[in-house]
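Worksheet: one structure, shown below.
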Amino acid sequence: MLLIKLADRLHNMRTLEFVPHASRRRIAEETLDIYAPLAGRMGMQEIGKSSRISPSIRSIRKPMPW
Numbered sequence: 011m012l013l014i015k016l017a018d019r020l021h022n023m024r025t026l027e028f029v030p031h032a033s034r035r036r037i038a039e040e041t042l043d044i045y046a047p048l049a050g051r052m053g054m055q056e057i058g059k060s061s062r063i064s065p066s067i068r069s070i071r072k073p074m075p076w
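Residues 11 to 76 (this note's numbering) are what the sequence shown spells out, left to right.
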């Protein structure tokens with residue numbers, strides 16, 4: 011069941027740009043705090059280091075000032 015939740019979260023992070031802005035930060039924080047460590051413990055470190063996932067979380071946590 012945990013593997014299914016990790017796959018679902020990975021998909022959610024890839025489609026985060028379509029989620030309302032108010033929910034983006036909460037989802038990104040939850041992913042970094044809960045799901046990324048779980049994936050690491052299961053030997054799936056590449057999920058957290060994915061070139062598409064990590065930058066999207068960082069851009070949500072600390073948006074670039076324009």
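Glycine included, every Cβ here is placed at the ideal spot set by N, Cα and C. Every value quoted in this text rests on a predicted model; they were computed, and no experiment measured them.
Near residue i, which residues of its chain fall below 8 Å by C-beta distance, leaving aside the five closest residues on each side in sequence?
i: Arg-51; result: none
For residue i, count neighbouring Cβ atoms within 10 angstroms of its own Cβ and tell me buried if that reaches 16, exposed if not.
i: Ala-17; result: exposed
i: Ser-61; result: Since pLDDT at Ser-61 reaches only 45, below the 50 mark, its modelled position is unreliable, and no value is offered.
i: Arg-19; result: buried
i: Ala-38; result: buried
Could you give the first and the last residue of the continuous alpha helix (DSSP H) run that contains residue i?
i: Met-11; result: Unbroken run through Met-11: none, as it is neither H nor E.
i: Pro-30; result: No alpha helix (DSSP H) holds Pro-30; DSSP gives it neither H nor E.
i: Leu-48; result: 46-51
Check this for me: beta carbons of residue i and residue j, under 8 Å apart or not?
i: Arg-34; j: Leu-26; result: yes
i: Leu-12; j: Leu-42; result: no
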